[in-house]
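Residue numbers are given in the UniProt record's numbering: position 529 of the sequence shown equals residue 529, and the series is strictly consecutive.
A virtual CB, placed ideally from N, CA and C, is assigned to each residue, including glycine.
Keep in mind it's a predicted model, so treat the numbers as computed, not measured.
To keep things clear, I will list the structure first and then write my remarks on it.
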Amino acid sequence: MAFKRDKKEEEEGTGNPFQNLDKTAVLQEARTFNDTPVNPKKCTHILTKILYLINQGEQLGTQEATDAFFAMTKLFQSKDVILRRMVYLGIKELSNIAEDVIIVTSSLTKDMTGKEDLYRAAAIRALCSITDTTMIQAIERYMKQAIVDRNSAVSSAAVVSIFHMTKHSPDLVKRWVNEVQEALNSENVMVQYHALGLLYHIRKSDQLAVTKLVAKLTKFTMKSPYATCMLIRIVCKLIEDQNAASGDTNWSNSPLFDYLETCLRHKSETVVYEAAHAIVNLRRTSARELAPAVSVLQLFCSSPKPVLRFAAVRTLNKVAITHPSAVTACNLDLENMISDSNRSIATLAITTLLKTGSESSVDRLMKQIATFVSEISDEFKIVVVEAIRALCLKFPRKHAVLMNFLSAMLRDEGGLEYKASIADTIITIIEENPEAKETGLAHLCEFIEDCEHTSLAVRILHLLGKEGPRAKQPSKYIRFIYNRVILENATVRAAAVTAMAQFGALCPQLLDNVQVLLARCQMDGDDEVRDRATYYHSILASQNKQLIQDYIIEPLMVSIPSLERALHAYNLHPSPTPFDMSSIPLSTITTSDPTEMADRLRTPSGGVASEPTAQATARVESYYEKLSAALPEIANLPGTLFKSAAPVMLTESETEYVVRCIKHSFQSHLILQLEVSNTLSDQLLENVTVQLEIPEGYELIKETPIPRLAYNETQSVYIILQYPPSLADSVTSVGAVLKFSVKDCDPTTGQPDSDEGYDDEYMLEDLEISLSDQMAKVNKPNFLALWEEAETDESMNEMEDTFCLSKMESIQEAVASIVNFLGMQPAERSDKIVAGKSSHTLYLAGVFRGGIDVLVRSKLAVSADTGVTMQLTVRSTSEDVCELITSTIG
1 MAFKRDKKEE
11 EEGTGNPFQN
21 LDKTAVLQEA
31 RTFNDTPVNP
41 KKCTHILTKI
51 LYLINQGEQL
61 GTQEATDAFF
71 AMTKLFQSKD
81 VILRRMVYLG
91 IKELSNIAED
101 VIIVTSSLTK
111 DMTGKEDLYR
121 AAAIRALCSI
131 TDTTMIQAIE
141 RYMKQAIVDR
151 NSAVSSAAVV
161 SIFHMTKHSP
171 DLVKRWVNEV
181 QEALNSENVM
191 VQYHALGLLY
201 HIRKSDQLAV
211 TKLVAKLTKF
221 TMKSPYATCM
231 LIRIVCKLIE
241 DQNAASGDTN
251 WSNSPLFDYL
261 ETCLRHKSET
271 VVYEAAHAIV
281 NLRRTSAREL
291 APAVSVLQLF
301 CSSPKPVLRF
311 AAVRTLNKVA
321 ITHPSAVTAC
331 NLDLENMISD
341 SNRSIATLAI
351 TTLLKTGSES
361 SVDRLMKQIA
371 TFVSEISDEF
381 KIVVVEAIRA
391 LCLKFPRKHA
401 VLMNFLSAML
411 RDEGGLEYKA
421 SIADTIITII
431 EENPEAKETG
441 LAHLCEFIED
451 CEHTSLAVRI
461 LHLLGKEGPR
471 AKQPSKYIRF
481 IYNRVILENA
491 TVRAAAVTAM
501 AQFGALCPQL
511 LDNVQVLLAR
521 CQMDGDDEVR
531 DRATYYHSIL
541 ASQNKQLIQD
551 YIIEPLMVSI
561 PSLERALHAY
571 NLHPSPTPFD
581 MSSIPLSTIT
591 TSDPTEMADR
601 LRTPSGGVAS
611 EPTAQATARV
621 ESYYEKLSAA
631 LPEIANLPGT
641 LFKSAAPVML
651 TESETEYVVR
661 CIKHSFQSHL
671 ILQLEVSNTL
681 SDQLLENVTV
691 QLEIPEGYEL
701 IKETPIPRLA
711 YNETQSVYII
721 LQYPPSLADS
731 VTSVGAVLKF
741 SVKDCDPTTG
751 QPDSDEGYDD
761 EYMLEDLEIS
771 LSDQMAKVNK
781 PNFLALWEEA
791 ETDESMNEME
801 DTFCLSKMES
811 IQEAVASIVN
821 FLGMQPAERS
831 DKIVAGKSSH
841 TLYLAGVFRG
851 GIDVLVRSKL
861 AVSADTGVTM
871 QLTVRSTSED
881 VCELITSTIG
């Protein structure tokens, strides 16, 4: 029966004849290659099977691949064109697995220089796939001839093969620049395109050479539209690099920008679109500079070709995010595209209109979307949802219409990503528009009744626990939450218990009812649910406000792996002093979701930890493991790893030695991890160190050099510094010099020419040790309550000062700069600013190294004369920290 079914499928054309291939059987069949005379048809079929297995991920052993390879070489005696081309493919696929593949070099060289054009291009590709650095010189003469061959297929194959060879022999291919330059003048469009790509790849590390190349090519029109498109991309990168170096953001000042505008009038539609796409994607482009590109895209909107209409509307959709006014001129064309037979085009057209339309047009547009939204894929539904999110923030009064539409979309069929985008949009609207809170929570409550996605249900339950107790009628949400305890899996039940505890903590009138429900949850079948219920029930029963605040309303925000490691160390080496929680670093995830905190401890039954959580935790742990392996001394440092700052470059990214620094803060020590890369193939570096100009107050504890640094390797120099006793001295600038011993070596082998070297040094950029390096972000959901409590708390210190931020032109710019400078977490969504406001209050919360709590209130006002004025108030348990923050800003 199975045979009959397979036969029927094959007859219908739906079966895969290679579906049940066995590797061993196929390799046994490869012995047929040794038959005399060669059977081309049979051998071609067997080779096809081998290539199919390899491309499906089948792993061949070295001996198996070698045997098959040598058997395949016997097929060179056949003159069958199809079999010969299959042999070339086989050589390419097996060259990385089999041994002694260079045995076919002479055969391939003969084919690439022969008279049969059908063989030559494929032979070049196969030959270059087996060629290593020691053999390049042997084929150099043939490759030079192939690059400039009159046959375009041969020339293209040679250029592309050389491009792949640059990965392992970047210096050797530079000797073929003249031939590649000649190929650039080819009449064939693909040869010209490939030659330009290779020429740019060879010269891209030399900006002056690239500038000369671009200056030469922009003076005349290239015949290949593909090469012109590549040139446009090279020009864009050059413009941004030059303007970044000069600090000028006015693209129209660059002569290269004029070239982009001339390409808008090119005869090839491909080039015209590429130029328009390039202009609109330049960073900080003004509306005036966008105008010619938008005009071209507007013409494409009425093109009879669907691909041009799609490309134009998709690009306009992106432009509408940053420059909606520039796209407004296209609104009439976009409205005509709503009825386009291609639903992808219609979707993009209407979402673009949503971004550029007026408040009065919202109702009409939503009705038009409703007619076809069920016909499009999830990918384009997500585009619609994102446009609706932007529209809700732009026109808050239309939240009822838009949220009803989103609610209807939630009830439709769809995958996790699609449903998550809708839920994210509703949550964003709730957070940004207080009037939409009740409506949004009601829609989400209805959704979780039938939600099939655990991660989404958990997130909504967390939101209900956060926002529900502050709603007008908090009791109506309890039913939806408790239903999850009865009907859902263990992960969702645990999240529901946590959400109920929030109601008990924040709504005294509901406390008794919540306690009854929590008591029932203590009989749950899952230990996580039982433990949570018991935990929250006990804390609420104590009626201790501080306990409830610390463990329910604002749960512990520490790094769970670090806490576990510190407790284990404390148990192994007990101390007469109590365990100090302040020595534990804060979590890198700024969330107050207790469910997410539990995910970091273990994966709850029935669910998996979220990917961002796992990645963030893994990154912190990897830093600590790397430091522990390189510096066993950190086990003796007080406290544990407090914060690892983002990497900072101390050199340009394209210099001969690349150095970047990662700063790791402990309670009283700073570890500098200086990652050094050697980009010179003819140099071997030894005894690599970084000499610092140790600032006043700092003390150098230890430095670990790099013994040996070969070409293309990256290793780290570690330096341990002790922070100064005075906090004011901890923020400083440190001069640095890279010192090492150099040995000249053979680029191909990496072996030094002699045992003797010479000392050298390389100046690095100054290293800034900033306030943000010593400050960790912490989430404070009830910031205003804590701020008021701190005012009456005798243990809290307060300092206030006024500053003039003359270089800041807007409130948004000032807020972003302050958050980045202080390294603290914005609270009460105070980093969200309504456009056009002349005053704003920013709330920030953080913890200084050593576990010192810090609260900051920044009142900002903008004026045309003085820029932004800031009144800064700092409250902390340490007077020195208050003084450090105010003095550092000053």
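Residue i: first and last residue of the uninterrupted alpha helix (DSSP H) it sits in
| i | result |
| --- | --- |
| P555 | Unbroken run through P555: none, as it is neither H nor E. |
| I769 | Not the alpha helix (DSSP H): I769 falls in the beta strand (DSSP E), residues L767 to I769. |
| Y119 | D117 to I130 |
| V154 | S152 to M165 |
| L855 | That residue, L855, is in no alpha helix (DSSP H); its beta strand (DSSP E) goes I852 to S863. |
| S716 | Looking at the DSSP string, S716 is not in any alpha helix (DSSP H); the run it does join, the beta strand (DSSP E), is T714 to Q722. |
| Q546 | K545 to I548 |
| L540 | D527 to S542 |
| V881 | E879 to I889 |
| N281 | E269 to N281 |
| M143 | I136 to I147 |
Cβ-based neighbour list, residue i, same chain, cut-off 7 Å, excluding 5 preceding and 5 following
| i | result |
| --- | --- |
| S665 | F642, K643, D773, Q774 and R849 |
| E261 | P292 |
| E438 | A471 and K472 |
| V734 | L692, E693, P695, D766, L767 and I769 |
| I18 | The sequence shown places Phe at residue 18, rather than the Ile named in the question. So the qualifying residues of the chain are K49 and Y52. |
| M763 | V737 |
| T590 | The predicted position of T590 is uncertain, since its pLDDT is 39 and thus under 50; a value taken from the coordinates is nonetheless stated next. Answer for T590: K777, N779 and Q825, listed in chain order. |
| T888 | V731 and L771 |
Extent of the continuous beta strand (DSSP E) run through residue i
| i | result |
| --- | --- |
| N797 | N797 to L805 |
| G338 | Going by the sequence as given, residue 338 is Ile instead of Gly. Note, I338: premise wrong, no beta strand (DSSP E); not H, not E. |
| S876 | G867 to S876 |
| R708 | I706 to L709 |
Sequence-distant residues of the same chain with beta carbon closer than 6 Å to residue i, five excluded per side
| i | result |
| --- | --- |
| D531 | none |
| K859 | T841 and Q871 |
| M597 | Confidence at M597 is low in this model, with a pLDDT of 35, below 50, so the placement of that residue is unreliable and no value is reported for it. |
| A630 | Y718 |
| G90 | L47 and M72 |
| T873 | E800 and R857 |
Beta-ladder partner(s) of residue i, from DSSP
| i | result |
| --- | --- |
| Y762 | L738 |
| S205 | In DSSP, S205 forms no bridge with anything. |
| residue 891 | Residue 891 lies beyond the stretch modelled for the chain, which goes from 1 to 890, so this question has no answer here. |
| L692 | A736 |
| S665 | K643 and L670 |
| N678 | Y657 |
| Q825 | A845 |
| D744 | Q683 |
| E699 | Q722 |
| P752 | C745 |
| H840 | L860 |
Cβ-based neighbour list, residue i, same chain, cut-off 8 Å, excluding 5 preceding and 5 following
| i | result |
| --- | --- |
| K174 | I202 |
Decide if the stretch 681-689 is in contact with the stretch 726-733; the criterion is three or more beta carbon pairs, one per stretch, under 8 Å apart.
no
With contact counted as at least three CB pairs below 8 Å, one residue from each stretch, are the stretch 649-658 and the stretch 633-641 in contact?
no
Three-pair Cβ contact test at 8 Å for the stretch 790-804 versus the stretch 745-753
no
Indicate whether the contact test is met: 3 or more Cβ pairs, each with one atom in the stretch 645-652 and one in the stretch 708-726, closer than 8 Å.
no
Are at least three pairs of beta-carbons, each pair with one atom in the stretch 689-698 and one in the stretch 850-868, less than 8 Å apart?
no
Would the stretch 453-461 count as touching the stretch 414-433 if we require 3 or more Cβ pairs under 8 Å?
yes
Should the stretch 149-167 be regarded as contacting the stretch 181-193, the criterion being three or more beta carbon pairs within less than 8 Å?
yes
Could you tell me which uninterrupted alpha helix (DSSP H) segments, each at least 4 residues in length, are contained entirely in the stretch 67-111, listed from first to last along the chain?
81-94
Across the stretch 410-417 and the stretch 801-820, are there enough close Cβ pairs to call them in contact, namely three or more that are closer than 8 Å?
no
Sequence ranges, alpha helix (DSSP H) only - wholly within the stretch 284-334, length at least 4
287-300, 306-322 and 324-327
Between the stretch 509-525 and the stretch 546-553, do three or more beta carbon pairs fall short of 8 Å?
no
So does the stretch 38-47 actually touch the stretch 55-67, counting three or more Cβ pairs closer than 8 Å?
no
Taking the runs of the beta strand (DSSP E) that are 3 residues or longer, which of them lie wholly in the stretch 28-53?
none
Enumerate, from N- to C-terminal direction, the unbroken alpha helix (DSSP H) stretches of 4 or more residues contained entirely within the stretch 350-385.
362-370
At 4 residues or longer, and completely inside the stretch 443-520: list those alpha helix (DSSP H) runs for me, N to C.
454-467, 475-487 and 490-506
With a floor of 4 residues, list each alpha helix (DSSP H) that falls wholly inside the stretch 397-448, ordered by position along the chain.
399-411 and 416-432
Inter-stretch contact at 8 Å, needing at least 3 Cβ pairs: the stretch 669-681 / the stretch 209-226:
no
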